[in-house]
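Asks: First residue of the sequence shown? That's 6 in our numbering, and the numbers climb one at a time after it.
Below you will find the structure I want to go over with you.
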Amino acid sequence: MTVNEGLGSRIRRLRRAAGLSQEALAKPNLSPSYISLLEAGKRIPSEEVLAQLAERLKCDPAYLIGMISKPDSVDLEIELNYAQLALRNGDSRTALKTFTALQAKLPESEQTDLHFAVEFGIAQCLEHHGELEEAVRRFEALLQQSAVQGRGMLERLGVVMLLCRCYRELGDLSHAIDVAESALSEADAEDLPPTVPQLELLSTLIGVYCERGDLHRANFLAGEAISRAEVMSDRRALGGAYWNASVVLHRRGRSSEALELIKKAVAIYAEGDDERALARVRNAQATVLLQSESPNPEVAKKLLEQSAATLRTLGSSLDVAYVEAALARAEVMLGQPENAIQHAETALRRLGPEHRLESARVHLVLAAAYLIQEDYEAVHAAYERSALLLEASEAGRQAAFAWSELGEILEKSGESERAVWAYRQGMRLMGHRGSLIADAPRRVWQD
């Protein structure tokens, strides 16, 4: 039995001798679940808490305080490093288990750097698993905690970057932009030199503006990112800047220029040893190849299969979903709808209900596959689902595109009235708010 388990047994024995329930012992400022964890040896209470318990249990505080086991700081740091290494290597489940076990060993009354690192690691694991809403809750709490504790700007930028990414995947683009712009303004006010955390947040923000369809702002920030990265010694920062600038150019229809920049990004990432990042940037390269003026689905598929092999081992659920969705698009373009549907359905399973933006895109690819099979009912369902998801996620420009494509499908199916309705939905999202001609009864023209 460990010392902490011995303390738990002692508290349980005294509580029962006093005729108290866990709920009664917890009152007024503790919870019954906390008492349960204490008695199980899964929490290390502060001396203040033990003094309160001793008063309620009518025993000498020293009788309980003397049982506290102080964890060795070196051992705790080793456990933290192990958890962080597991997370970097893509083993987020082992990382979460280690972070959670480590959290239980830390006294709750002390808010140290170790506490912050453990909470940050748990939030990262949750994002990795696709549990975005819980990850957001924890990242928000870390932001508040960092402000109270006066932590440095660079540490806060790292939290904001992940928070912004979660909001983007949840479809809350406005909040993602507000959080990121505010943090970057604070960093600029402190006159910080260009840093990797700053560039990573800027890159994430560029992606959000692209999702929202604000390509002018995204283009401006992409130029800023490249300018800042070029004066840094970190080659990966420059690679990331090229990557995001490529995305902006691609969205603006300048695919040849986008392809040149993404090739530069791939070359830079290939210099390092981050296999996951290299696989993700290759995925981006394949996406440009698939959607350029002269698409090359054969080469794109080879790149995607190479990326998929790495990401299935080292990547997050979202990484795998993105590559599966891109493979589905490549198979559609190669005229293989069965393979496309298989990849698309795998992507949707990986995404779950919280990733609205990417789920919408996958439904578009599904619709294209069903169209090849001439399954028009499935086509309609997929396009409508995609457009509704995009509209709910504030990605108005992309939703308008989805509605427009749905209109084309309906028109080809001979459903003219529904086609007009779909086109009008797209026009509304692009800002059309009315007509020069008021509604009036239709006139029957006669010769």
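Even for Gly, the Cβ is constructed at its ideal location relative to N, Cα and C.
DSSP three-state label for Ser179, please.
Replies: To locate residue 179, count along the sequence shown from 1; it is residue 174. Note: Ser179 maps to helix in three-state DSSP.
Asks: Classify Glu392: buried if its beta carbon has 16 or more other beta carbons within 10 angstroms, exposed otherwise.
Replies: Translated into the one-based positions of the sequence shown, residue 392 becomes position 387. A quick correction: the sequence has Ala, not Glu, at residue 392. So Ala392 counts as buried.
Asks: Quick check: the Cα distance between Ala122 and Leu85, rounded to an integer number of angstroms?
Replies: Taking the first residue of the sequence shown as 1, we reach residue 122 at position 117. Taking the first residue of the sequence shown as 1, we reach residue 85 at position 80. Taking the straight line from one Cα to the other gives about 8 angstroms.
Asks: Express the C-alpha separation of Ala45 and Ala31 in angstroms, rounding to a whole number.
Replies: As a first step, residue 31 is located in the sequence shown; it is residue number 26 there, counting from the start. As a first step, residue 45 is located in the sequence shown; it is residue number 40 there, counting from the start. If I take the Cα positions, the gap works out to 15 angstroms.
Asks: Which residue comes first and which comes last in the alpha helix (DSSP H) that contains Met338?
Replies: As a first step, residue 338 must be located in the sequence shown, where it is residue number 333. Looking at the DSSP string, the run of the alpha helix (DSSP H) that includes Met338 is 322-338.
Asks: The alpha helix (DSSP H) that contains Asp219, what's its start and end?
Replies: As a working mapping, residue 219 is identified with position 214 in the sequence shown. Per DSSP, Asp219 belongs to no alpha helix (DSSP H) and is neither H nor E.
Asks: What are the start and end residues of the alpha helix (DSSP H) that includes Met432?
Replies: Here the question's residue 432 lines up with position 427 in the sequence shown. Note, Met432: alpha helix (DSSP H), 421-434.
Asks: Gly5 and Tyr274: beta carbons closer than 8 angstroms?
Replies: Any property of residue 5 remains undetermined from this structure, which presents the chain solely from 6 to 452.
Asks: Alpha carbon to alpha carbon, how far is Ser322 from Lys63? Give it in angstroms, no decimals.
Replies: Your numbering for residue 63 matches position 58 in the sequence shown. Your numbering for residue 322 matches position 317 in the sequence shown. For Lys63 and Ser322, the distance between alpha carbons rounds to 52 angstroms.
Asks: Three or more beta-carbon pairs under 8 angstroms between the stretch 247-267 and the stretch 215-223, yes or no?
Replies: Touching, yes, given that three or more Cβ pairs across the two stretches are closer than 8 angstroms.
Asks: Report the rounded CA-to-CA distance for Gln89 versus Gly95, giving the unit in angstroms.
Replies: Here residue 89 refers to the residue found at position 84 of the sequence shown. Here residue 95 refers to the residue found at position 90 of the sequence shown. Roughly 10 angstroms between the two C-alpha positions.
Asks: Take the Cβ of Gln129 as the centre, count every other Cβ of all protein chains shown within 10 Å, and call the residue buried at 16 or more, exposed below.
Replies: By one-based count along the sequence shown, residue 129 stands at place 124. Flag for Gln129 reads buried.
Asks: Three Cβ pairs or more, each shorter than 8 angstroms: is that satisfied between the stretch 326-338 and the stretch 372-388?
Replies: At 8 angstroms Cβ cutoff, the stretches touch.
Asks: In whole angstroms, what is the alpha-carbon distance linking Asp324 and Leu316?
Replies: For the purposes of this step, residue 324 is taken as residue 319 along the sequence shown, with counting starting at 1. For the purposes of this step, residue 316 is taken as residue 311 along the sequence shown, with counting starting at 1. Their Cα atoms are separated by approximately 6 angstroms.
Asks: Put Leu126 into one of helix, strand or coil per three-state DSSP.
Replies: Taking the sequence shown and counting its residues from 1, one reaches residue 126 at position 121. At residue 126 the sequence reads Gly, which differs from the Leu that was named. Gly126 falls in the helix class under three-state DSSP.
Asks: Do you know offhand how far Asn301's Cα is from Leu283's?
Replies: Position 296 of the sequence shown, counted from the start, is the residue given in the question as residue 301. Position 278 of the sequence shown, counted from the start, is the residue given in the question as residue 283. The alpha-carbon atoms of Asn301 and Leu283 are separated by roughly 20 angstroms.
Asks: Taking the straight line between their C-alpha atoms, what separation do you get for Asn344 and Val304?
Replies: In the sequence shown, residue 344 corresponds to position 339, counting from 1. In the sequence shown, residue 304 corresponds to position 299, counting from 1. Computed Cα separation, rounded: 17 angstroms.
Asks: Cutting at 7 angstroms between CB atoms, please list the residues of its own chain near Arg170, excluding the five before and the five after it.
Replies: Taking the first residue of the sequence shown as 1, we reach residue 170 at position 165. Answer for Arg170: Thr209, listed in chain order.
Asks: Go through the stretch 248-288 residue by residue and report every complete run of the alpha helix (DSSP H) that reaches 4 residues or more, in order.
Replies: Counting whole runs of 4 or more residues, the stretch 248-288 contains the alpha helix (DSSP H) stretches 260-275.
Asks: Can you find a heavy atom of the ligand NAD that lies under 7 angstroms from the Cβ of Ser260?
Replies: Ligands in the displayed structure: none, and consequently the ligand NAD is not present.
Asks: Helix, strand or coil for Lys307 per DSSP?
Replies: One-based indexing of the sequence shown puts residue 307 at position 302. Correct three-state label for Lys307: helix.
Asks: Could you have a look at Ala365 and say whether DSSP puts it in helix, strand or coil?
Replies: Working through the sequence shown from its first residue, we reach residue 365 at position 360. In the structure shown, Ala365 sits in a helix (DSSP, three-state: H, G or I).
Asks: Which same chain residues end up closer than 8 angstroms to Gln451 when comparing Cβ atoms and leaving out the 5 residues on each side of it in sequence?
Replies: Numbered from its first residue, the sequence shown carries residue 451 at position 446. Confidence at Gln451 is low in this model, with a pLDDT of 47, below 50, so the placement of that residue is unreliable and no value is reported for it.
Asks: Within 10 angstroms of its Cβ, does Gln154 collect 16 or more other Cβ (buried), or is it exposed?
Replies: For this step, residue 154 is matched to residue 149 along the sequence shown. So Gln154 ends up on the exposed side.
Asks: Nearest CA to the CA of Leu175: which residue from Arg156, Glu136, Ser190, Gln203?
Replies: For the purposes of this step, residue 175 is taken as the residue at position 170 of the sequence shown. The shortest C-alpha separation from Leu175 is found at Glu136.
Asks: Sorted by chain position, which residues of the same chain lie with C-beta nearer than 6 angstroms to Arg240's C-beta, five sequence neighbours on each side aside?
Replies: Counting from 1 along the sequence shown, the entry for residue 240 is found at position 235. Contacts found: Ile273.
Asks: With DSSP as the reference, label Lys110 as helix, strand or coil.
Replies: Numbered from 1 along the sequence shown, position 105 holds the residue referred to as residue 110. Of the three classes helix, strand and coil, the one that applies to Lys110 here is helix, per DSSP.
Asks: State yes or no: is the C-beta of Val293 within less than 8 angstroms of the C-beta of Ala263?
Replies: Sequence index remark: in the sequence shown, residue 293 carries index 288 (1-based). Sequence index remark: in the sequence shown, residue 263 carries index 258 (1-based). For Val293 and Ala263, yes; Cβs fall inside 8 angstroms.
Asks: With DSSP run on the structure shown, which of helix, strand or coil describes Ser97?
Replies: The residue you call residue 97 lines up with position 92 of the sequence shown. Ser97: helix per DSSP, three-state reduction.
Asks: For Val236, which three-state DSSP category applies?
Replies: Your numbering for residue 236 matches position 231 in the sequence shown. In the structure shown, Val236 sits in coil (DSSP, three-state: anything other than H, G, I, E or B).
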